[in-house]
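Just so you know, the sequences run in chain order A and B. Here my numbering runs 7 ahead of the position in the first sequence, where the first position is 1. Here my numbering runs 15 ahead of the position in the second sequence, where the first position is 1. Since the structure comes first, as C-alpha cells, the remarks are kept for the end.
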Amino acid sequence: MLEALQLEFMRNALAAGILVSVVCGVIGTLVVVNRIVFLAGGIAHAAYGGIGLAFFLGWPFVAGTAGFSLLAAGVMAAVTLKAKHRADAVIGVIWAVGMAAGVILLDLTPGYHADLMSYLFGSILAVTVADLWQMGAIGAVVIFVVTLYYNDFLAMSYDDEFARLRKVPVTFLYCLLLGMIALTVVMIIRVVGLILVIALLTIPPFIAEKFTGSLRGMMVLSSALSCAFTLTGLWLSYLWNLTSGATIIMVAAAGFFAALLWERLRSMRAPGQVSGAGNSQ
Amino acid sequence: MAEPIIDVSRVWFSFNGQPVLQDVDLRVPPGDFLVVIGPNGGGKTTLLKLMLGLLEPTRGTVRVFGQPPGKAAHRIGYVPQNVHINRTFPVSVLDVVLMGRLRSGKGWSRHARQDRLAAQAVMEQLGVWAYRDRRIGELSGGQLQRVFIARALVSAPEVLFLDEAMASIDAQGRGDFYEALTELNRTVTIVAVSHDMMILSSHVKSVACVNRDLHYHDSGEITQEMLDAAYRCPVDLVAHGVPHRVLCRHEGK
C-alpha cells in the first residue's frame, strides 16, 4: 500500500474516497430515515441521461450529469409531493427514461466511447485534482446545508406532520434534500458508478442506525463506515487487480451481513429483553 | 359564552367526492375541556385536522384565535393519534420533546438554554425526565404518550389537541391520565378526540358527537338522544355514578 501511495492517481483515489464517504454518510442517513432509497436510485440511474447529454453536446461530465440529475430530482419532488400513492411507479418511469435517453444520446454521438463502463461502475483511479476540487465544493455545500437545517431535517424525518405544525418548511426542505441527493449522486458516480450508488448510500447508514442514538451520530458513524469500506475496497482492488467500484461494494456488503449477524447473536443472548437499538414493535 | 377561541363555521369537507363532514358548526370557549366522540370513520380526526390547519375545508371557515389555523400554530399543541411512528428512528426522548420548541427559518437551528429548561420542566411534570437519554423506541406505549404530550406542551400552548390519546394507555393508567389532563385544564383549553368506547371524566366540560354532522352539548353529560343521533344505532348509556362509561352495542352486525 505504501508504494502505491507514491502514485499520484492512488493519492487522488484515496482523497476522493474520503470526500465521497463523508457526504455519503450525511446524505445516505437522510435517505434511509426518510425511506426514499428507491427515489435516490431513480435519480442515480436517470443521471445516465446526463452522461449521454454531456457526450452529445461535448459538455464536461459534471455539467451534464448534475443538470440532468437535478432535473430528474425536481420532477420526482413534484410527483412525490402531488401524487404520493403512485409516486413509486412514476419514479420507475423516470429511472428507465433517463437511462434510455442516455443510451440514445450516446448512439447519436459520433466516435468511440471507451470509458462508458467507468460511469456505470466507477473510475476512482481516474480522479483528477480538478475532480477533487469539484467534489470538495459539493461536499462543503451539502455539509453546510445539513448543519444549517439539522433540527428541521430531524423533525421532518421523524414526524413531518408535526414539523409542518411547527412551521418547519417541510416542502422546501424535501426539495432541498432531493437536490442534494442529485449532487451527491454525481459525486459518487466517479467512485463506484451509477449502478452501485445505492449501495454506498444505504449500507453504511443501515449499519450505523443500529449503533447510534441520534441522527447526528448516525451521520458521523455512516461516514466513518463508508470511509472504511471505500479504503478497504480500494486496497483490495489494488492488491488483487479487481474493479475498484465493485470491490468497494462487496466490502460494504460484507459489513452489512456482519452487522445483521451481530444483531441476531445479540438478540439470542438477551431473549425477550427490549434491546437498545434497532428494535421494532 | 365568552369569545370562542375555536370557531368552526358551516364547514363541509369531502374526500375523493365522499362527504366526510357536512355543515359542521362548533365553537369552543376558552378554558373548555371538550371531548369529541363518534364512530370510527365518522370524521373526528378530520375535524381535528381542520382545526389544526393540516386540512383545508371544502366549504366554510375555521378560525383559531380569530385567525386561520396555520397562523395560530404557535399557540396550539398537538398530540397525534399514532405515537408508534418511526420507532426505530435514532432519536433520544429529549430530542423528540425539543421538536416542540422548533422555530422555523431561524437557521443554525440549535436549541437554546431556555428550550432545554422548558423541556426539563414539562418532562418532570409528566414523569418522563428520567427517560430523556433513552432512544425513543425503548419506551412503552404509555410512556410514549406522555413524551408526545410533553412535546405538545413544551411550547406553552393555549389550546391542546389530543387525538385518541387514551389508545396507548392501559385501563389502569387512564385514571391518572385524566387527573393530569384535568390539572392541565386549569390553564389550557383541551380538545380531545376519542372513539366509541371511552371513560368520560366528570371534569369534561362539553361533548361533541361527530358522525358526518356534529351534535354539541355544553356539559360533560351525554344524553341518550345525542348518542342515538350521532351513532344512528342503539347505544347504551351506562352511568356508574361518576365517571360515566359509554358503551356502544351493535346487534346483528
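A virtual CB, placed ideally from N, CA and C, is assigned to each residue, including glycine. Note that this is a predicted model, so its numbers are computed, not measured.
| Asked | Found |
| --- | --- |
| Minimum Cβ-Cβ distance from A:Leu161 to chain B less than 8 Å | yes |
| Assumed close pair A:Ser28, A:Ser233 - CB separation to whole angstroms, cut-off 8 Å | 4 Å |
| Helix, strand or coil at B:Arg90 according to DSSP, with G and I counted as helix | helix |
| Within 8 Å, strictly: CB atoms of A:Met142 and A:Met194 | yes |
| Residue from A:Phe62, A:Ala133, A:Val69 and A:Val177 whose Cα sits closest to the Cα of A:Ile145 | A:Val69 |
| Residue environment, A:Trp102, which counts as buried when at least 16 other CB atoms sit within 10 Å | buried |
| B:Pro95 at chain A interface by Cβ criterion, 8 Å | yes |
| Cβ of B:Asp211 within 8 Å of any chain A Cβ | Only weak support is given to the placement of B:Asp211: the predicted model assigns it a pLDDT of 46, under 50, and the value that follows is read from those uncertain coordinates. Answer no: the Cβ-Cβ gap between B:Asp211 and chain A never drops below 8 Å. |
| Segment limits, beta strand (DSSP E) that includes B:Thr76 | Arg74 to Val79 |
| Reference A:Ile81; option with closest CA among A:Leu64, A:Phe160, A:Leu46 and A:Leu113 | At residue 81 of chain A the sequence reads Gly, which differs from the Ile that was named. That would be A:Leu46, whose Cα lies nearest to the Cα of A:Gly81. |
| Validate contact between the stretch 163-177 of chain B and the stretch 88-99 of chain B using beta carbons, cut 8 Å, 3 pairs | yes |
| Three-state secondary structure assigned by DSSP to A:Phe68 | helix |
| Neighbour list for A:Leu172 in chain B, Cβ cutoff strictly below 8 Å | Leu67, Gly68, Leu69, Ala88, Ile91 and Tyr93 |
| Residues in the stretch 95-118 of chain B having any Cβ partner in chain A nearer than 9 Å | Pro95, His99, Ile100, Asn101, Arg102, Thr103, Phe104, Pro105, Val106, Ser107, Asp110, Val111, Leu113, Met114, Gly115, Arg116, Leu117 and Arg118 |
| Euclidean distance between Cα positions of A:Thr254 and A:Ile210 | 14 Å |
| Sequence-distant residues of the same chain with beta carbon closer than 8 Å to B:Met66, five excluded per side | Ile21, Val23, Val77, Val79, Pro84, Phe176 and Val206 |
| Cβ of B:Arg150 within 8 Å of any chain A Cβ | yes |
| Closer than 8 Å to chain B by CB, A:Phe151 | no |
| Beta-carbon spacing of B:Val51, B:Leu62 below 8 Å | yes |
| Residues that B:Ile205 bridges to, as DSSP identifies them | B:Phe48 and B:Leu175 |
| Whole-angstrom C-beta distance between B:Gly56 and B:Val225, which should lie under 8 Å | Their Cβ separation, rounded to whole angstroms, is 10 Å, which puts B:Val225 and B:Gly56 out of contact at 8 Å. |
| Amino acids of chain B, ordered along the chain, whose beta-carbon sits closer than 7 Å to that of A:Thr178 | The contacting residues do not exist; A:Thr178 stays about 12 Å from chain B at best. |
| Chain B contact for A:Tyr165 (CB, 8 Å cutoff) | yes |
| Integer Cβ distance of B:Val26 from B:Gly75, believed to fall under 8 Å | 4 Å |
| Euclidean distance between Cα positions of A:Phe160 and A:Asn41 | 10 Å |
| Per-residue DSSP class, three states only, for A:Val258 | helix |
| Closest Cα partner of B:Pro172 within the set B:Glu153, B:Thr204, B:Gly152 and B:Val43 | B:Thr204 |
| Extent of the continuous alpha helix (DSSP H) run through B:Asp104 | According to the sequence displayed, residue 104 of chain B carries Phe and not Asp. Counting along the chain, B:Phe104 falls outside any alpha helix (DSSP H), and DSSP gives it neither H nor E. |
| Helix, strand or coil at B:Asp148 [DSSP, three-state] | coil |
| CB of A:Gly200 within 8 Å of CB of A:Phe128, strictly | yes |
| Cβ separation of B:Gly44 and A:Glu216, assumed to be a contact under 8 Å, to the nearest whole Å | It is Pro, not Gly, that sits at residue 44 of chain B in the sequence shown. Contact flag wrong, Cβ pair sits at about 47 Å. |
| Within-8 Å CB hit, A:Met225 to chain B | yes |
| Short CB-CB distance (under 8 Å) between A:Ser221 and chain B | yes |
| Residue burial classification, A:Arg276 (beta-carbon count within 10 angstroms, cutoff 16) | exposed |
| Test: A:Val175 CB closer than 8 Å to a CB of chain B | yes |
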